Amino acid sequence: MAFQLISAREAESLMDHWEYVVIDLRNDRDYRKGHMQGALNLPYEFLDHYIEKLPKSRRYILYCSHGGASMLAGRRMSEQGLDVLSISGGILSYRGRLFV
Numbered sequence: 001m002a003f004q005l006i007s008a009r010e011a012e013s014l015m016d017h018w019e020y021v022v023i024d025l026r027n028d029r030d031y032r033k034g035h036m037q038g039a040l041n042l043p044y045e046f047l048d049h050y051i052e053k054l055p056k057s058r059r060y061i062l063y064c065s066h067g068g069a070s071m072l073a074g075r076r077m078s079e080q081g082l083d084v085l086s087i088s089g090g091i092l093s094y095r096g097r098l099f100v
């Protein structure tokens with residue numbers, strides 16, 4: 001499946017349509033400090049535990065702090081047949097209206 005890097009603003013626009021499952025790959029403490037509205041907290045360190053349980057019928061937007069972990073996770077997920085977008089620059093590149 002596809003893997004692509006997108007900007008935080010592009011992600012915000014896509015999230016308006018609710019076609020994507022948004023996954024925050026940071027740890028729980030960082031997630032609680034602030035995250036994109038509607039994002040699930042699935043820390044990168046547990047990727048192997050949940051990657052095979054994610055439905056292939058869904059589309060995913062990933063982010064982490066700076067963009068590195070979400071890029072690695074996105075590649076792995078796309079190798080598993082998932083349609084994935086990763087926010088370049090991570091959550092630190094975003095402080096838009098969907099930040100809660």
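Each step along the sequence shown adds one to the number in full-length UniProt numbering, with nothing skipped, and position 50 is 50. All C-beta atoms, glycine included, are put in the ideal place defined by N, C-alpha and C. A quick note: this is a predicted structure, and the numbers were derived from the prediction, not measured.
Since I believe residue j is in contact with residue i (beta carbons under 8 Å), could you give me their beta-carbon distance rounded to a whole number of angstroms?
i: G89; j: A8; result: 7 Å
i: I61; j: Y20; result: 5 Å
i: K53; j: G81; result: The Cβ separation is near 13 Å, so there is no contact.
Whose C-alpha, out of the options, is nearest the C-alpha of residue i?
i: Y94; options: L72, V84, D24, H17; result: D24
i: E79; options: Y44, I51, K33; result: I51
i: E45; options: K33, L72, L54; result: L72
i: H66; options: P43, I91, R59; result: I91
i: D28; options: Q37, L42, D16; result: L42
i: C64; options: I87, H49, M77; result: I87
So the beta strand (DSSP E) residue i belongs to, where does it begin and stop?
i: S86; result: 83-87
i: Y20; result: 20-24
i: L5; result: 3-6
Please list, in chain order, all residues of the same chain as residue i whose beta carbon is under 6 Å from its beta carbon, the five residues on each side excluded.
i: R75; result: F3
i: A69; result: L25, Y44
Spell out the partners DSSP gives residue i in its beta bridges.
i: N41; result: D24
i: Y60; result: V21, V84
Which residues in the same chain have their Cβ closer than 8 Å to the Cβ of residue i, if we skip the five residues on either side of it in sequence?
i: L14; result: I6, Y20, I61, L85
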